[in-house]
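Numbering (numbering that gives the first Met the number 0), first residue to last: 0 to 286. All C-beta atoms, glycine included, are put in the ideal place defined by N, C-alpha and C. First up is the structure itself, then whatever we jot down about it.
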Amino acid sequence: MIFSKTYSTNQHFWHESQTIAFDELILSWNGLRPLTGKWTFWVSLQQDQWLKIAEWGPNFQRSFESKASLFQNHQDLITSQKLCTEFWVKVEGEELDKLHSMTVSVSDTRGYIQPNSKPLAKVHIKGILPQSQMVLNHHRHKELCSPTSATTALRYLTKDKSLCPLDFASKVHDDVFDIYGNWMLNIAECYNRSKIPCHVERLKDFETLHSYLLKNIPVVISMKGEIPGGAKPYDQGHLICITGYENNRVYCIDPAFQTNEITSVSYSIDDFLKAWGRRRGLSYIFT
């Protein structure tokens, strides 16, 4: 389930009660980076203590790891030891008029159903530029699947072919954990560059993903493990940009392939659902 909140300059707190029962929460925010100072994000579940989730500033971004009596946070995930129905979000900092909205995705991990597919119409989004992470001039290019896939989607959505995945990567690098794939930080930079509303969400089925494709909106998803036809086994998780569907095959730009020209690939729907299901439908959604 998704909850969204729009903020103005002096509104720093967000509270929701009587939600669906959940044991996982993922926070996303849409705003323009403050030019001075920083924004600090905090979360509390069931009126437990506040935990610091992230800091976002002009030239830095970081997430944290901490634990309260009921719940804990690690990088981009907030998880609870028991089911909750209430959350609080707090943001502090300068230039909060630039914070346009926040979104929370909550889910019950123990009751999660692996995404399954129904017969769906053919759809292909035309004009998406293929981009390999492997050709990027970066000593850690093998770790840049999220910045690359996010940039692939943004180039199409903004019609700005000059967007650079290396520049994007520099703005999503988590300074605490030394990673480039923090979902929360990637979404924050997506909005900062495009002003297109976006959030992290665990989709329940492929039909929902397909509905975005029908609107000519690509979807960046995370998958894990082996997938027949893939560049390699994705043991640590891997993000790709979904561009179409036809004849029980999912079409995408998979940046793990060695050159730009061969990143446009397709996977059987059954194999895709298994790989995507291992990440419980994790998706970057643009609206």
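No Cβ-Cβ contact shorter than 7 Å links P146 with A120. If you draw a 10 Å sphere on the C-beta of C163, you find fewer than 16 other C-beta atoms in it, and that means exposed. The C-beta distance from L24 to V42 rounds to 7 Å, short enough to fall under 8 Å.
Residues R201, S221 of the same chain have their beta carbon placed closer than 6 Å to that of L281, with the five preceding and five following residues left out of the count. Boundaries of the beta strand (DSSP E) around I220: 218-224. S65 is not a Cβ neighbour of A53, given a cutoff of 7 Å. Distances from the CA of L82 to each of D22, N247, R192, T258 were compared; the closest alpha carbon is that of D22. Boundaries of the beta strand (DSSP E) around N72: 70-73.
Your pair D253 and T242 does not check out as a contact, with CB atoms roughly 10 Å apart and the cut at 8 Å. Its chain contains K97, L98, H99 as the residues whose beta carbon lies nearer than 6 Å to that of G30, once the 5 sequence neighbours on both sides are disregarded; these appear in chain order.
The region 189-205 makes contact with the region 148-157: 3 or more CB pairs, one atom from each, lie closer than 8 Å. When only Cα atoms are considered, Q80 and H138 end up about 38 Å apart.
The three-state secondary structure of I124, taken from DSSP, is coil.
The C-alpha of L143 is placed about 21 Å away from the C-alpha of R279.
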